[in-house]
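There are 2 protein chains.
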Amino acid sequence: MIEDKNNRTELNELGEFGLIEYLTKNIELKHTSTIKGVGDDAAIIGEGEKVRVVTTDMLLEGVHFDLSYVPLKHLGYKAVVCNLSDVYAMNAVAEQITVSIALSNRFSLEAVEELYAGIYLACEKYNVDLVGGDTTSSLSGLVISITAIGTGKKETISYRSGAKNNDLICVTGDLGAAYLGLQILEREKKVFMDNPNIQPDLGGHDYLLERQLKPEARKDVINMLAGMKIVPTSMIDISDGLSSELIHLCRNSEVGCNVYDEKLPMDTSVIQTARDFNLDPSVCALNGGEDYELLFTVDMSEHEKLKNNPDITIIGHITEAEGGMNIITRDGRQHELTAQGWNALLKKDD
Amino acid sequence: MIEDKNNRTELNELGEFGLIEYLTKNIELKHTSTIKGVGDDAAIIGEGEKVRVVTTDMLLEGVHFDLSYVPLKHLGYKAVVCNLSDVYAMNAVAEQITVSIALSNRFSLEAVEELYAGIYLACEKYNVDLVGGDTTSSLSGLVISITAIGTGKKETISYRSGAKNNDLICVTGDLGAAYLGLQILEREKKVFMDNPNIQPDLGGHDYLLERQLKPEARKDVINMLAGMKIVPTSMIDISDGLSSELIHLCRNSEVGCNVYDEKLPMDTSVIQTARDFNLDPSVCALNGGEDYELLFTVDMSEHEKLKNNPDITIIGHITEAEGGMNIITRDGRQHELTAQGWNALLKKDD
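Listed below in structure tokens is the structure:
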């Protein structure tokens, strides 16, 4: 069926976001209960004051995870956390998940129990109910598809599209660590593959490895913002890297931004390890993915409330769209932000 | 990680339903908004009179579909329909879906467009909005994961657990055709593989092929029942075969049943083609899957309203649990229903 086509366009000519845009550009929503469809961290549905938030992700072995160094329990935990992060990114609270898995006969019941132990641990920690799913066989690797459902108030949902000129740009936690954790795991895997007698050297990298293998979603920040009566004007979670998410947010809001290299929050271990790998730490923070922190904007009048918050860093401000999307380096030079994603993480001396 | 285990239990020792039961038996629901979790066609969530229905399915190339004879447009359509069927089986109406796909570079943009043309056609026909999803790469085949969301009134949702003694057992449409459609496709594939010069002979099997390749979900029946003010005491959709679904329904309701072989609704093409394949037509109706018809029970007082309905057949009645789950053959003999699924479909002369 597939080979019949004479006009063949390769998918990589569009990229993931281009493909989604192409496939969904003609959607006409039919239901008044569909408040927000494709194009944000989650869809919003419902009729009244209280709305439901729905988001879904699919993870495939060999593409999203490598079972040679990812323990199944951690994988289950992380798979849930990635989805919950998308719910929190709408300024909503997750309540339910469904979990579908496809398994080959390579997996034993004990292996599946490990995976579910991680899934249930995340459900416990984030207070969500596992309410359904599908279990099926796979001819090759493990596939995990999770849908998360949350609730929020219609008027306090934060979309990608609400940022306005002069808003402050904030990020939670610190950036770049999950990416460097992955670099360490990949390096040690390579050493092991080259010589199975050499044991992996993972010592001293606890923080980076934990950020990669067992990330957390920022439910605490959503609760904290509610406590401070702050409703972000826009929000997105940082799964593909800060640059990529900033570009999504600015394009959806039809604004520009200036962010400051010196403000990017990084753990000292990120700075040190990036240098060990001959990488620029700022590039890791900007383009390394899987941090699952939140990127959001607030009205500048909220500055006092946030300026000394240990969990939140103000990294810049929103500008008019004409100003473009820029990163200002420590020496005052301005560079256009590019969503290179992980491709950008070439070694400096390459 | 997986190979470390000394105690290895193979997944096929439990089977799919055993595995789900094992993995979910200790769930304690935390949210009052979770009205029904794992264990029915869909989960039910919400707070008020109007509730949300959530169901999800994952389909994998090589396990659930074979692209050598399934057109991508049909596949997209069917993938949506399977999920919607689970929503209708709760006596609810579907309003939204999310669609996640994983693709290898074997697929061109034109192929993906075909798949989505089928997805959008089903959205149009069943009046649902595509509101989100995920698009990712796959190292091997195509994976499709769909979540459907619907709405219903809390007091008219039909669970698997509500059937009671003397209720009438009803099925919609006819059974066995999708299974026989698959047999024809598999036969012609084999002929073609053995000798590529022989063209597939699919003539005269339009109904069976359509039931396999482009099934429909019974939204019409849900609307019809509402119009007749009938609320089924229990309901389930027939995806794995009537026997298997009847057993689910009876076990969940803690009842037994007597169903009559002579009442099983079958198209004449099913009877004819089953014989051509040396199969028992009743076995095809009982154990052939993918019909996506509805199996439901109603109070016996509804008999008058349903007895002459062309879309609904009364095939038996519910008994006390002690009576067991039985099929009564044309010669009056009683056999225990077994959920053999497709394994039961051995040729009669084997």
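These protein sequence lines are chains V and L, in that order.
Reminder that position 286 of the first sequence reads as 285 in numbering that gives the first Met the number 0, one-by-one numbering, no gaps.
Reminder that position 60 of the second sequence reads as 59 in numbering that gives the first Met the number 0, one-by-one numbering, no gaps.
Note that the Cβ used here is the ideal one computed from N, Cα and C, for glycine as well.
Of all the CB atoms in chain V, is at least one closer than 8 Å to the CB of residue i?
i        : result
L:Thr10  : First, the residue type needs correcting, since residue 10 of chain L is Leu and not Thr in the sequence shown. Output row for L:Leu10: interface = yes.
L:Gln198 : no
L:Gly180 : no
L:Glu187 : no
L:Ser160 : no
L:Lys213 : no
L:His334 : no
L:Thr33  : yes
L:Ile44  : yes
L:Ile1   : Note that L:Ile1 has pLDDT 46, beneath the 50 cutoff, so the model's placement of it is unreliable and no number is given.
L:Phe276 : no
L:Ala225 : no
L:Ala41  : yes
In whole angstroms, what is the alpha-carbon distance linking residue i and residue j?
i        : j        : result
V:Gly117 : V:Leu74  : 7 Å
L:Pro199 : L:Gln271 : 20 Å
V:Thr150 : V:Val50  : 6 Å
L:Glu2   : V:Pro70  : Any reading at L:Glu2 needs caution, since the residue's pLDDT is 48, under 50, leaving its predicted position unreliable; the model's value is listed next. The alpha-carbon atoms of L:Glu2 and V:Pro70 are separated by roughly 12 Å.
V:Pro195 : L:Thr31  : 52 Å
V:Asp40  : L:Gly255 : 47 Å
V:Gly175 : L:Thr54  : 36 Å
V:Leu324 : V:Ser300 : It is Met, not Leu, that sits at residue 324 of chain V in the sequence shown. Between V:Met324 and V:Ser300, the C-alpha separation is close to 22 Å.
V:Leu18  : L:Glu292 : 35 Å
V:Tyr76  : L:His204 : 48 Å
L:Ser160 : L:Ser243 : 15 Å
V:Ser268 : V:Leu207 : 7 Å
V:Ala147 : L:Gly202 : 45 Å
L:Met89  : V:Ile327 : 56 Å
V:Tyr119 : L:Tyr21  : 14 Å
V:Phe16  : V:Thr33  : 22 Å
L:Ile145 : V:Asn277 : 42 Å
L:Asn6   : L:Glu27  : 27 Å
Taking Cβ positions only, does residue i come closer than 8 Å to chain L?
i        : result
V:Ala121 : no
V:Arg51  : yes
V:Glu15  : yes
V:Phe191 : no
V:Gly131 : yes
V:Asp219 : no
V:Asn126 : yes
V:Arg6   : A small fix is needed here, since residue 6 of chain V is Asn in this sequence, not Arg. V:Asn6 counts as touching chain L.
V:Ser157 : no
V:Ala116 : no
V:Gly36  : yes
V:Glu109 : yes
V:Ala338 : no
V:Leu18  : yes
V:Ala78  : no
Just confirm the distance between the C-beta atoms of residue i and residue j, as a whole number of angstroms; I'd bet it's less than 8 Å.
i        : j        : result
V:Ile314 : V:Leu248 : Wrong, their Cβ atoms sit about 12 Å apart, outside the cutoff.
L:Leu102 : L:Leu141 : 6 Å
L:Lys72  : L:Leu108 : Not quite, the Cβ-Cβ distance comes to about 15 Å (not below 8 Å), so this is no contact.
L:Ser157 : L:Phe295 : 7 Å
L:Pro214 : L:Ala273 : About 18 Å separates the two Cβ atoms, so there is no contact after all.
L:Leu305 : L:Val297 : 7 Å
L:His316 : L:Asp166 : 7 Å
L:Asn126 : V:Lys35  : Actually they are not in contact, since the Cβ atoms of L:Asn126 and V:Lys35 sit about 19 Å apart, beyond 8 Å.
V:Asn257 : V:Thr318 : 6 Å
L:Val98  : L:Leu129 : 6 Å
L:Gly322 : L:Gly288 : Not a contact, Cβ separation roughly 26 Å.
Any chance the CB of residue i is under 7 Å from a heavy atom of the ligand NAD?
i        : result
L:Ile326 : Because no ligand of any kind appears in the structure shown, any question about the ligand NAD cannot be addressed here.
- What residues from the region 55-76 of chain L come within 7 Å of chain V, judged by C-beta to C-beta, listed N to C? Thr55, Asp56, Met57, Leu59, Gly61, Val62, Leu66, Pro70, Leu71
- Task: Anything in the region 91-104 of chain V with a Cβ closer than 7 Å to a Cβ of chain L? List those residues in chain order, please.
- Result: Glu94, Gln95, Thr97, Ser99, Ala101, Leu102, Asn104
- Members of the region 295-310 of chain L that neighbour chain V once the beta carbon cut-off is set at 7 Å: none
- Using a beta-carbon distance cut-off of less than 7 Å, what residues from the region 234-245 of chain L approach chain V? none
- Message: Tell me whether the region 127-141 of chain L and the region 216-229 of chain L touch, counting them as touching only if at least three CB pairs, one residue from each stretch, are closer than 8 Å.
- Response: no
- Residues of the region 133-150 of chain V with Cβ closer than 8 Å to any Cβ of chain L, in chain order: Asp133, Thr134, Thr135, Ser136, Ser137, Leu138, Ser139, Gly140, Val142, Ser144, Thr146, Ile148, Thr150
- Three or more C-beta pairs below 8 Å linking the region 327-334 of chain L and the region 174-190 of chain L: no
- Message: Please identify, using Cβ separations under 9 Å, the residues of the region 20-32 of chain L that lie next to chain V, in order along the chain.
- Response: Tyr21, Leu22, Thr23, Asn25, Ile26, Glu27, Leu28, Lys29, His30, Ser32
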